[in-house]
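Novice: With numbering that gives the first Met the number 0 as the guide, the letters of the sequence shown map in order to residues 0 to 355. Don't be surprised by glycine CBs; every beta carbon is placed ideally from N, CA and C. What you are looking at is a predicted structure, and each value in this text was computed from that prediction instead of being measured. This is the structure I have questions about; it appears just below.
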Amino acid sequence: MKKIALALISVLGLIGCSHEDGVEDQKNIYYPPNYVLTYGEKMFTDFEKDTILYSDSARGYNCHEMLRYKPHDATHYRLFNAVPHDFRDVSIYCKVDTIEKEFMIAHFDLVPQHHCMVGTYPGLDKKTTFTTMNGQRIELGPFHQVETEHVSFRVTCPDPLFFMLQKIRQVTRIKFSRYGKGNWGVLTPRDARYYTFAFTNMAYLYSSKRFEKAFKNYEGNLYDNNKNPIDRNKVYESMINKKLLNLGVVTGSGIGGLGGGAAFGVRSEYITKYAESNNNWPLEVYGHEFSHTIGFGHSSNLTYANESKGLVPILQKVYTEMYADKDLPFIGDPFAVEADPFIEKKNSIININMEI
Ligand SMILES: [Zn+2]
0 MKKIALALIS
10 VLGLIGCSHE
20 DGVEDQKNIY
30 YPPNYVLTYG
40 EKMFTDFEKD
50 TILYSDSARG
60 YNCHEMLRYK
70 PHDATHYRLF
80 NAVPHDFRDV
90 SIYCKVDTIE
100 KEFMIAHFDL
110 VPQHHCMVGT
120 YPGLDKKTTF
130 TTMNGQRIEL
140 GPFHQVETEH
150 VSFRVTCPDP
160 LFFMLQKIRQ
170 VTRIKFSRYG
180 KGNWGVLTPR
190 DARYYTFAFT
200 NMAYLYSSKR
210 FEKAFKNYEG
220 NLYDNNKNPI
230 DRNKVYESMI
240 NKKLLNLGVV
250 TGSGIGGLGG
260 GAAFGVRSEY
270 ITKYAESNNN
280 WPLEVYGHEF
290 SHTIGFGHSS
300 NLTYANESKG
310 LVPILQKVYT
320 EMYADKDLPF
330 IGDPFAVEAD
340 PFIEKKNSII
350 NINMEI
């Protein structure tokens with residue numbers, strides 16, 4: 000079991016907020032620095048090495064924890080922002096089983112988009128005083144090892160996008176894979192950064208009450224590979240609890256996407272074109288391939304709609320409504336300033352008869 004060294008556990012260290020005697024020793028009080036991250040690394044740049052991009056530990060993340068602060072090793076934490084968005088005024092609170100109050104352990108004026116950093120826990124070498132949410136002070140330490148299961152961190156941020164991220168219940172781990180054989184092309188850093196954007200919206204969509212309701216109350220028949228009606232509650236749970244997707248890109252001639260087990264891929268142009276609200280085709284490919292990954296084949300209408308009935312029409316209707324209501328993490332392309340080499344081809348790549 001992993002252990003982290005955090006200045007902890009000394010219950011004797013819990014002190015009140017009142018220091019009326021005025022003899023408080025100021026030098027060991029920990030005030031989280033209000034710093035803008037100037038170190039760490041920008042992820043998914045065009046120059047990212049393969050060994051990093053395709054590494055689960057370096058670039059993998061969970062859909063419901065896209066901005067996260069976690070133990071890295073015994074003395075370090077790791078801050079990871081998988082979202083293509085700058086978050087301001089980010090606070091990290093720490094909770095230890097043996098101490099009633101949560102206390103602030105870090106604060107960042109700015110966590111830039113696609114940023115990752117490893118830092119040292121404060122207060123490792125001496126008694127340190129931390130501040131709780133209501134201003135109480137807690138004295139902890141010196142250095143003491145505790146098991147990670149007794150420590151948890153909570154991220155807070157006033158950004159409206161952060162509130163949206165907190166509604167994501169889909170726990171899927173996203174990992175980027177090279178592939179590069181058969182109908183699979185080689186996934187590039189550019190593909191990966193667009194995927195982070197598309198999957199933020201998709202995870203939010205699948206997690207939304209609006210989609211859950213539309214799916215469970217759909218008036219049409221939703222059937223499995225044997226044409227039997229599906230258990231909608233069970234299938235919805237399998238969408239939310241999908242454990243892993245290994246993302247890649249598809250290049251095979253006439254193939255829009257591939258999916259099955261943990262493998263998921265669409266054509267590179269669909270990763271970028273996903274941002275266009277009035278283009279339902281990339282969304283259809285995403286929905287179709289995702290249904291493959293939860294076990295449905297082409298004889299089920301969770302992949303191909305039958306007489307316009309099936310999962311894809313539900314996804315398209317709900318997505319369009321959410322887009323109109325601006326109830327999606329991203330409306331439009333977050334990288335719009337970036338030159339898009341696919342844009343000029345956009346009329347030629349839409350082919351609804353493609354096999355997907
Ligand atoms: Zn298919």
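Might you give, ordered along the chain, the residues of its own chain that have their beta carbon closer than 6 Å to the beta carbon of R87, omitting 5 neighbours on each side?
Specialist: L109
Novice: So, with DSSP's three-state summary, where would you put L221?
Specialist: coil
Novice: Are the CB atoms of C62 and V154 nearer to each other than 8 Å?
Specialist: Note that the C-beta distance between C62 and V154 is not below 8 Å.
Novice: Of the residues N245, G251, T250, D85, which one's Cα is nearest the Cα of A261?
Specialist: N245
Novice: Assign G179 to one of two classes, buried (16 or more other C-beta atoms within 10 Å of its C-beta) or exposed (fewer than that).
Specialist: exposed
Novice: Report yes if the C-beta of T292 is less than 7 Å from at least one heavy atom of ligand 1; otherwise report no.
Specialist: no
Novice: Can you have a look at F162 and say buried or exposed, based on whether 16 or more other CB atoms are within 10 angstroms of its CB?
Specialist: exposed
Novice: Return yes when the Cβ of L204 is within less than 8 Å of the Cβ of V117, no when it is not.
Specialist: no
Novice: Quick check: the region 90-99 against the region 50-62, are at least 3 beta-carbon pairs closer than 8 Å?
Specialist: no
Novice: I167 and A202 - do their beta-carbons sit closer together than 8 Å?
Specialist: yes
Novice: According to DSSP, simplified to helix, strand and coil, what is L164?
Specialist: helix
Novice: In this structure, does DSSP put I98 in helix, strand or coil?
Specialist: coil
Novice: Compare the beta carbon distance of L360 and R172 with 8 Å and say whether it is the shorter of the two.
Specialist: A question about residue 360 goes unanswered here, because the residues of the chain that appear run from 0 up to 355.
Novice: Could you pull the start and end residues of the alpha helix (DSSP H) that F210 belongs to?
Specialist: Residue range 208-215 is occupied by the alpha helix (DSSP H) that includes F210.
Novice: From the DSSP output, in three-state form, read off H63 for me.
Specialist: Three-state DSSP puts H63 in a helix.
Novice: Count the other CB atoms, across all protein chains shown, that sit within 10 Å of the CB of S298; report buried if there are 16 or more and exposed otherwise.
Specialist: Under a 10 Å Cβ-count criterion, S298 is classified as exposed, with fewer than 16 other Cβ atoms of the shown protein chains found around its own Cβ.
Novice: Using DSSP's beta-bridge definition, name the partner residues of L244.
Specialist: I173
Novice: State the Cα-Cα distance for the pair F289 and G259, rounded to the nearest angstrom.
Specialist: Roughly 8 Å separates the two Cα atoms.
Novice: Since N80 sits in a beta bridge, which residues does DSSP pair it with?
Specialist: Residue pairing by DSSP places N80 opposite L66, H114 in a beta bridge.
Novice: With a 10 Å radius around its C-beta and 16 neighbouring C-beta atoms as the bar for buried, classify V22 as buried or exposed.
Specialist: At V22, the pLDDT of 40 sits below 50, so the modelled position is not reliable and the matter cannot be decided from this model.
Novice: Would the C-beta of H287 count as close to ligand 3, meaning under 7 Å from any of its heavy atoms?
Specialist: No copy of ligand 3 appears in this structure; the ligands present are ligand 1.
Novice: Tell me whether the beta-carbon of K272 lies closer than 8 Å to the beta-carbon of F152.
Specialist: no
Novice: Would you say the region 181-201 touches the region 123-135, given that touching needs at least three Cβ pairs under 8 Å?
Specialist: no
Novice: Assign M103 to one of three DSSP states: helix, strand, or coil.
Specialist: strand
Novice: What beta strand (DSSP E) runs, 3 residues minimum, are completely inside the region 257-286?
Specialist: Within the region 257-286, the complete beta strand (DSSP E) runs of at least 3 residues are 262-266.
Novice: Please report how far the alpha carbon of A335 lies from the alpha carbon of D45, in whole angstroms.
Specialist: A direct Cα-Cα distance of roughly 16 Å separates A335 from D45.
Novice: Measure the beta-carbon distance from T292 to N182 and round it to whole angstroms, keeping in mind my assumption that it falls under 8 Å.
Specialist: The pair is not a contact, with the Cβ atoms about 16 Å apart (cut-off 8 Å).
Novice: From the DSSP output, in three-state form, read off H75 for me.
Specialist: Here H75 sits in strand by DSSP.
Novice: Relative to ligand 1, is the shortest distance from any of its heavy atoms to the C-beta of T319 smaller than 7 Å?
Specialist: no
Novice: According to DSSP, is I293 part of a helix, a strand, or is it coil?
Specialist: coil
Novice: CB-CB under 8 Å to V185, same chain, minus the five flanking residues each way: which ones, in chain order?
Specialist: R177, Y178, G179, V248
Novice: Between E283 and P83, what straight-line distance do the alpha-carbon atoms span, to the nearest angstrom?
Specialist: When the Cα atoms are used, E283 and P83 turn out to be separated by approximately 23 Å.
Novice: To the nearest angstrom, how far is the alpha carbon of G219 from that of L301?
Specialist: 12 Å
Novice: Distance check for F129 and S237, CA to CA, integer angstroms please.
Specialist: 41 Å
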